Every structure is written in C-alpha cells, then in structure tokens.
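Numbering (my numbering), first residue to last: 426 to 909.
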C-alpha cells in the first residue's frame with residue numbers, strides 16, 4: 426500500500442502537526458490502495474503562513490520569470506505523464522487508457538493554453554486615449570486556497586494552480602481526499618520545476634476539517650473551489666466573515682437539445698458523451714431533449730448505444746468505462762435509478778445493480794430512461810453517474826423553456842443543421858457554455874456557469890483574471906514607465 430503521510434509546505438515535505446490517517450480506496454477493487462493524513466487547523470495555519478510569507482517576493486517577480494517556471498513545469502508534466510495517469514486511474518477509477526489520454530491530457534492542454542494567454546496579457550494597461558495619464562494595473566489577489574475535486578483531478582488542479590501562479594498569487598492546494606495521489610505527484614513536479622519556497626503548498630484533508638479551516642482563514646484572500654453546489658454554498662457562508670473572494674465551479678444538469686433536423690450521429694454522440702468518465706462530469710449532457718418527430722428513433726438509438734457501452738476495471742486497457750468513485754456515490758446513483766422507475770420513467774437500457782459478471786467494485790450499468798418529464802427527480806438532480814434522461818419536446822420555444830427550467834446553468838448542447846436556429850437558441854440558453862453539433866470549445870475558452878453552477882471563469886485569459894485585483898491609477902508618468 427502507498428503511504429502519503431506528508432504535506433508539501435514551504436518547499437519541503439513535512440510531517441503533519443496533528444492529523445488522522447485515511448485510506449484511499451481503489452474503486453475498481455473496493456480495496457485500500459494508499460493511506461494519507463488528513464490535516465488539522467494547525468497544518469492549515471502552517472501552510473497559509475508559508476504562502477503569506479512568500480507572497481511579496483512572488484508578486485514582485487517579473488511575469489516572464491513566472492512564465493519560465495510554468496514552462497519548465499510543463500516539460501516535467503509531459504515527461505512524467507504516465508505516472509500521473511496511473512495515479513488517477515487507481516484512485517478515482519478512470520480506465521488507464523482514458524486516464525493517460527483525457528485525464529492527463531487535460532492538464533497538458535490547460536498549462537499550454539495558460540502559457541499562450543500569459544504571454545499576451547498586459548498587466549499594466551492605459552485606460553484609454555481620453556485619459557493618457559491613467560493606468561489600469563492587474564495585481565495578484567494574494568494567498569489563495571485551491572480546493573479541487575476527484576472526478577477530473579488534473580483538469581482542475583492545473584486550471585487553478587497555473588492561473589494563480591502566473592497571476593503572482595501564492596497558494597495552498599487541498600485536493601479531494603478521494604484522489605490525493607495525483608496532487609502529491611503534482612507537488613513533486615512543482616518542486617522539481619524550482620518554484621520558490623512557499624509559493625505552492627499542499628495539504629490533504631476532508632471538507633469538514635482542512636476545507637473549513639482554509640475557507641474561513643483570515644489570511645486567505647481567495648478561495649477557488651470546484652465541487653458540489655451544497656459544498657459551494659457552505660464555503661461561501663464560511664468565507665463571508667473575512668470578505669474574501671470566492672470562485673465556485675459547481676454542478677450541472679446540462680440539456681442536449683436534439684432537433685428533428687439534427688445530424689445522423691447526434692444521438693450516439695450525446696449518449697457516449699454522457700457515459701464518458703462514467704458520467705462523472707459536471708458538464709455532462711444528462712438531459713437529452715428530443716423533438717417529437719425524431720423522438721422514437723432517438724430512444725431506440727440511445728438504448729442501442731448504451732447497451733454497447735462496456736464496463737470494466739480501471740486497470741484494464743480498452744475503451745470501456747470504469748467504476749464510479751466510491752460506495753456513497755454508487756448508493757446514491759442506485760437510489761436515483763430506483764426513483765426514476767418509481768416516478769414512471771421508462772427504463773430502456775441498464776438499470777439497478779452491477780453489470781453482469783462484476784460482483785465487486787463500484788460499477789454501474791449504463792442506464793437510459795425515456796419518457797422523462799422535467800419535474801421528475803432524475804431530471805432535476807445531478808446524478809453524477811452513467812444515467813441519461815430523455816425528454817420529448819414539440820417546439821423550439823418549449824425546448825428552451827425545458828432546458829432553462831433547472832437550478833443549474835453550466836453547459837448546454839444544441840444539435841441542428843439549421844445555423845440561424847442554432848445561434849438563436851444558443852443566445853437564449855441560460856448557461857455559461859453552449860456547444861453546437863459536437864463542436865468542442867477552443868483553446869483558452871472560459872469554463873464556468875451561471876445560477877447554482879457557480880461563478881467565475883476558468884481557463885485562458887479569464888482564468889488568469891480571476892486571480893487578479895484591478896487597480897486604477899491616475900497621474901501615471903509614462904516616462905518613468907518606459908525607464909523601468
């Protein structure tokens with residue numbers, strides 16, 4: 426069993442001051458694969474103090490130097506990518522091939538995109554021609570608490586750590602206790618890259634303990650959190666007394682609107698997108714809205730596609746999906762599948778229990794419900810598993826109404842070959858992101874949502890800006906600026 430009982434604080438691996446041990450469970454086997462320490466208030470205080478002490482020098486370091494360190498980090502990340510893939514596969518259940526490509530690749534993608542954005546980012550800008558002696562200065566916000574989830578570990582770690590580092594912030598990273606091994610490996614990468622002491626610190630812990638201590642800490646200037654809406658609300662309340670900035674990337678219940686004129690692969694594409702990462706993605710297209718003229722065929726196709734999705738161990742090579750992350754999630758998903766049955770949705774694929782031949786491990790059957798209405802529990806709650814709900818609609822207006830009738834607002838999807846209609850619907854959907862006809866968002870596009878899906882934006886220029894304060898200066902001396 427792997428032992429990871431140390432924290433990375435002030436440029437060194439140190440023993441916890443006061444901590445309890447916690448087993449990390451391999452969801453493919455239900456067996457412990459590692460033991461970590463869960464940090465205490467004293468551990469949080471030590472990490473925050475290190476970040477606070479390092480902030481003035483890191484803030485003053487030329488951005489070119491910060492960029493150079495991130496470039497070195499990227500080289501290390503690429504070289505040690507196989508280690509990272511193995512860690513994520515074991516701890517959170519992404520099949521090893523998917524872990525090595527999508528999970529590891531997400532980190533490479535974001536680091537590369539931040540480097541491009543940083544090299545074109547003006548930290549000092551003129552206000553405008555009307556005010557030649559005014560400048561807008563972007564300054565780092567300070568010490569940041571970065572709290573990341575288990576479902577896309579390196580995606581979220583890099584979105585937060587790299588943006589904060591380029592902005593000139595110092596930080597304390599607390600990964601999910603479900604997936605700590607990848608973050609500790611990432612700390613090794615940061616150390617090898619040569620980031621100054623105290624700029625990056627890592628402690629393990631749970632939300633109730635270390636998470637609460639971090640988000641309410643008087644010396645933390647900003648919290649960036651990705652996770653459940655419930656936890657995001659609690660963090661906001663805990664942070665309120667210290668008036669710190671709180672960036673939240675929370676849940677989703679994305680609508681995938683399939684019009685009757687959608688392309689032939691739209692339904693298959695939507696089902697496979699839903700099942701990717703075993704449905705454990707906040708931007709999953711979990712509500713498939715299908716226009717009635719195409720509805721019966723769509724249900725038939727969705728069932729066929731789901732029935733062909735195979736499930737297996739994360740340790741095996743292949744194109745299958747793996748287990749969900751833990752027993753609590755498995756039980757929650759089973760309860761929601763039962764709820765769908767009880768409320769009258771038509772089960773056309775999958776269902777309760779483990780897939781045939783899998784008696785151990787947190788495996789879920791790829792499941793599709795038809796004849797769902799938007800008032801059913803499975804249409805309202807984020808299931809976070811491989812469960813798709815299909816909802817019929819008549820008109821464009823009804824599709825928009827159903828799509829927006831949710832507490833969430835992260836990502837919605839549109840499938841139609843009518844370009845003006847696609848653009849028209851995209852403008853009316855209340856979500857931070859919209860993707861049309863399977864087109865992925867481009868490099869550096871902002872990631873984030875509205876309503877209960879959170880606030881702020883991650884990635885590219887917007888991700889860097891989230892870690893910056895805006896200072897307005899009048900009476901700026903241009904000659905002095907040129908001489909610096």
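Note that the Cβ used here is the ideal one computed from N, Cα and C, for glycine as well. Remember, predicted model here, so these are calculated numbers, not experimental data.
Residue i versus residue j: straight-line alpha-carbon distance, rounded
i           : j           : result
residue 848 : residue 460 : 50 Å
residue 836 : residue 875 : 9 Å
residue 569 : residue 594 : 7 Å
residue 776 : residue 791 : 8 Å
residue 451 : residue 699 : 23 Å
residue 681 : residue 715 : 8 Å
residue 863 : residue 755 : 29 Å
residue 484 : residue 499 : 21 Å
residue 822 : residue 464 : 51 Å
residue 535 : residue 740 : 26 Å
residue 563 : residue 670 : 16 Å
residue 722 : residue 661 : 45 Å
residue 787 : residue 753 : 9 Å
residue 651 : residue 881 : 11 Å
residue 434 : residue 901 : 39 Å
residue 717 : residue 685 : 8 Å
residue 884 : residue 495 : 15 Å
residue 782 : residue 750 : 19 Å
residue 904 : residue 540 : 29 Å
residue 688 : residue 851 : 17 Å
Where the alpha helix (DSSP H) containing residue i begins and where it ends
i           : result
residue 535 : 529 to 544
residue 404 : Given a span of 426 to 909 for the chain in the structure shown, any question on residue 404 remains unanswerable.
residue 575 : Here residue 575 belongs to no alpha helix (DSSP H), and DSSP marks it neither H nor E.
residue 505 : Counting along the chain, residue 505 falls outside any alpha helix (DSSP H), and DSSP gives it neither H nor E.
residue 804 : 802 to 805
residue 469 : 466 to 485
residue 616 : 606 to 618
residue 886 : 885 to 890
residue 693 : 691 to 700
residue 637 : 637 to 640
residue 761 : 752 to 767
residue 825 : 821 to 829
residue 655 : 654 to 665
Contact set for residue i: own chain, Cβ-Cβ below 8 Å, skip 5 residues either direction
i           : result
residue 785 : 454 and 455
residue 462 : 429, 430, 431, 432, 441, 444, 445, 446, 447 and 629
residue 768 : 801, 802 and 803
Residue i - containing beta strand (DSSP E), residue span
i           : result
residue 462 : 456 to 463
residue 434 : 432 to 434
residue 814 : 812 to 818
residue 649 : 647 to 651
residue 860 : 858 to 861
residue 599 : 595 to 599
residue 626 : 625 to 627
Sheet register partners of residue i (DSSP bridge)
i           : result
residue 560 : 551 and 898
residue 510 : Partner(s): none; residue 510 has no beta bridge.
residue 683 : 715 and 840
residue 438 : 433
residue 451 : 456
residue 445 : 463
residue 772 : 794
residue 565 : 893
residue 879 : 674
residue 428 : 460
residue 730 : According to DSSP, which records beta bridges pairwise, residue 730 is partnered with nothing at all.
residue 808 : Note: residue 808 sits in no beta bridge, so no partner.
residue 736 : 746
residue 872 : 883
Cβ shell of residue i (< 7 Å), same chain only, five flanking positions each side left out
i           : result
residue 480 : 567, 568 and 595
residue 797 : 770, 803, 804, 814, 815 and 816
residue 759 : 777
residue 637 : 663
residue 643 : 667
residue 734 : 700, 746 and 791
residue 799 : 816, 827 and 830
residue 439 : 431 and 432
residue 623 : 435, 436, 475, 476, 478, 479 and 595
Sequence-distant residues of the same chain with beta carbon closer than 6 Å to residue i, five excluded per side
i           : result
residue 793 : 727, 728, 731, 773, 774 and 813
residue 515 : 451 and 458
residue 748 : 452, 453, 518, 786, 787 and 788
residue 543 : 492 and 591
Would you be able to state if there are at least three C-beta pairs under 8 Å between the stretch 670 to 677 and the stretch 698 to 718? yes
Do three or more CB pairs link the stretch 582 to 591 to the stretch 879 to 891 at distances below 8 Å? yes
Check whether the stretch 551 to 568 touches the stretch 504 to 524, counting contact only when three or more Cβ pairs, one atom from each stretch, lie closer than 8 Å. no
So, do the stretch 642 to 661 and the stretch 535 to 554 have three or more beta carbon pairs nearer to each other than 8 Å? no
Contact the stretch 685 to 698 vs the stretch 730 to 749: 3+ CB pairs below 8 Å: yes
Taking three-plus beta-carbon pairs below 8 Å as touching, is the stretch 554 to 563 in contact with the stretch 513 to 533? no
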